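Novice:
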Amino acid sequence: MIEILNADRLARARDTGALVGDILQTIRERATVGTNLLEIDAWAHGLIDEAGAQSCYVDYEPSFGRGPFGHYICTSVNDAVLHGRPYDHALADGDLLTLDLAVSLNGVAADSAISFVVGEDRLPENAALIGVTERALAEAISVAGPGTRIGDISHTIGTVLTESGYPVNTQFGGHGIGSTMHQDPHVANNGRPGRGYRLRPGLLLALEPWVMADTDELVTDADGWTLRSATGCRTAHSEHTIAITHDGAEVLTLAPRR
Numbered sequence: 001m002i003e004i005l006n007a008d009r010l011a012r013a014r015d016t017g018a019l020v021g022d023i024l025q026t027i028r029e030r031a032t033v034g035t036n037l038l039e040i041d042a043w044a045h046g047l048i049d050e051a052g053a054q055s056c057y058v059d060y061e062p063s064f065g066r067g068p069f070g071h072y073i074c075t076s077v078n079d080a081v082l083h084g085r086p087y088d089h090a091l092a093d094g095d096l097l098t099l100d101l102a103v104s105l106n107g108v109a110a111d112s113a114i115s116f117v118v119g120e121d122r123l124p125e126n127a128a129l130i131g132v133t134e135r136a137l138a139e140a141i142s143v144a145g146p147g148t149r150i151g152d153i154s155h156t157i158g159t160v161l162t163e164s165g166y167p168v169n170t171q172f173g174g175h176g177i178g179s180t181m182h183q184d185p186h187v188a189n190n191g192r193p194g195r196g197y198r199l200r201p202g203l204l205l206a207l208e209p210w211v212m213a214d215t216d217e218l219v220t221d222a223d224g225w226t227l228r229s230a231t232g233c234r235t236a237h238s239e240h241t242i243a244i245t246h247d248g249a250e251v252l253t254l255a256p257r258r
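All letters in the sequence shown, in the order written, are residues 1 to 258 by UniProt numbering.
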């Protein structure tokens with residue numbers, strides 16, 4: 001299903017996006033060396049409830065997972081890159097943490113992810129990994145607009161990643177979003193320009209470049225959810241929900257300025 005939002009629902013999408021950006025920023029500011037991943041999950045739960053919103057994750061049960069996700073935020077550490085299920089683990093100095101959050105407010109969902117280093121950053125590869133996903137995301141947003149095809153976005157992301165020397169996995173990528181978290185169209189992180197669905201004003205997309213330092217192969221943890229690099233290398237993931245407008249794209253999940 002592909003949804004096209006009217007002006008009223010787009011206004012609600014802005015509210016949801018602002019909430020997601022605010023929660024991620026709040027948790028980023030709180031997270032420090034020694035913070036437990038279950039503590040982060042509890043923070044997310046409280047902030048979602050306080051806003052009168054609903055988690056898109058806690059009851060999420062897709063075919064690729066093992067039962068309901070059962071938590072309120074994805075917390076992926078170091079070699080974990082996607083669907084990191086929170087567990088009893090304290091963050092260490094220098095850990096590369098990715099937070100991925102999706103919530104629904106007033107019937108419209110938004111989805112975003114950030115990667116950052118906890119404590120002191122001693123590894124140059126961290127900045128390179130985070131930087132390339134942020135750059136790929138920014139360039140993808142810059143080409144998005146009415147008439148752009150999904151393949152144009154995929155090609156833009158893939159070009160940034162591959163030209164920086166990173167392998168690209170296309171199994172998981174961006175997606176349409178609206179009344180539910182995951183909708184068509186799928187937005188792979190590499191592809192051919194000029195192919196696929198033509199974007200229209202009112203469409204929401206969650207774009208999410210992610211990379212692993214030296215592999216494109218994933219392995220799944222025993223929890224049935226957390227996806228890690230097959231080689232144990234570090235990873236990063238950046239994501240925004242955008243709305244296609246009549247003259248380009250509007251980023252809905254920007255973190256507020258403090």
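Backbone N, C-alpha and C define an ideal beta-carbon position, used for all residues, glycine too.
None of these values were measured; they are calculated from a predicted model.
#1: Between the Cα of D88 and the Cα atoms of S76, G94, L82, which residue gives the shortest distance?
#2: Please state whether DSSP places Q25 in a helix, a strand or coil.
#3: Is there contact between the region 45 to 56 and the region 203 to 216, where contact requires at least three CB pairs shorter than 8 Å?
#4: When burial is assigned at 16 or more other CB atoms within 10 Å of the CB, is I73 buried or exposed?
#5: What does the alpha-carbon distance come out to for the pair Y57 and T159?
#6: Helix, strand or coil for L161 per DSSP?
#7: Fully enclosed by the region 95 to 163, which alpha helix (DSSP H) runs are 4 residues long or longer?
#8: Would you mind working out which of T170, L19, D95 sits nearest L105, comparing C-alpha positions?
#9: Can you find the residues in the same chain that come closer than 8 Å, C-beta to C-beta, to D41, ignoring five residues on each side of it along the sequence?
#10: Please classify Q171: is it buried, with 16 or more other beta-carbons within 10 angstroms of its beta-carbon, or exposed?
#11: Do S238 and M212 come within 7 Å of each other at the CB atom, strictly closer than that value?
#12: Could you work out which residue in T148, G191, D15 is closest to A249 when comparing CA atoms only?
#13: Rounded to whole angstroms, what's the CA-CA distance from R14 to D216? Just pull it up for me.
#14: What number of angstroms, rounded off, separates the C-alpha of L252 from the C-alpha of T16?
#15: Report the three-state DSSP secondary structure of R66 (helix, strand or coil).
#16: Within 10 angstroms of the Cβ of S112, are there 16 or more other Cβ atoms? Answer buried if so, exposed if not.
#17: Since I believe I4 is in contact with P146 (beta carbons under 8 Å), could you give me their beta-carbon distance rounded to a whole number of angstroms?
Specialist: The structure says:
#1: The residue given as residue 88 occupies position 88 in the sequence shown. Ranking S76, G94, L82 by Cα distance to D88 puts S76 first.
#2: As a position in the sequence shown, residue 25 is number 25, starting the count at 1. DSSP places Q25 in helix when its eight states are reduced to three.
#3: no
#4: The residue you call residue 73 lines up with position 73 of the sequence shown. By the neighbour-count rule (16 or more Cβ atoms within 10 Å), I73 is buried.
#5: Here residue 57 refers to the residue found at position 57 when the sequence shown is read from its first residue. Here residue 159 refers to the residue found at position 159 when the sequence shown is read from its first residue. Whole-angstrom Cα-Cα distance: 31 Å.
#6: As a position in the sequence shown, residue 161 is number 161, starting the count at 1. Note: L161 maps to helix in three-state DSSP.
#7: 124 to 143, 150 to 163
#8: One-based indexing of the sequence shown puts residue 105 at position 105. Selected option, being the one with the closest Cα: L19.
#9: As a first step, residue 41 must be located in the sequence shown, where it is residue number 41. Contacts found: H71, Y72, I73, T75, P86.
#10: One-based indexing of the sequence shown puts residue 171 at position 171. Exposed, because fewer than 16 other Cβ atoms sit within 10 Å of the Cβ of Q171.
#11: Position 212 of the sequence shown, counted from the start, is the residue given in the question as residue 212. Position 238 of the sequence shown, counted from the start, is the residue given in the question as residue 238. Result no, Cβ atoms of M212 and S238 do not sit closer than 7 Å.
#12: Translated into the one-based positions of the sequence shown, residue 249 becomes position 249. Nearest option by C-alpha distance: T148.
#13: Stepping through the sequence shown from its first residue, residue 14 is reached at position 14. Stepping through the sequence shown from its first residue, residue 216 is reached at position 216. Those two C-alpha atoms are separated by around 34 Å.
#14: Taking the sequence shown and counting its residues from 1, one reaches residue 252 at position 252. Taking the sequence shown and counting its residues from 1, one reaches residue 16 at position 16. About 8 Å.
#15: Here residue 66 refers to the residue found at position 66 when the sequence shown is read from its first residue. In the structure shown, R66 sits in coil (DSSP, three-state: anything other than H, G, I, E or B).
#16: Against the sequence shown, residue 112 aligns to sequence position 112. Counting Cβ neighbours within 10 Å, S112 comes out buried, since at least 16 surround it.
#17: By 1-based counting over the sequence shown, the position of residue 146 is 146. By 1-based counting over the sequence shown, the position of residue 4 is 4. Not quite, the Cβ-Cβ distance comes to about 11 Å (not below 8 Å), so this is no contact.
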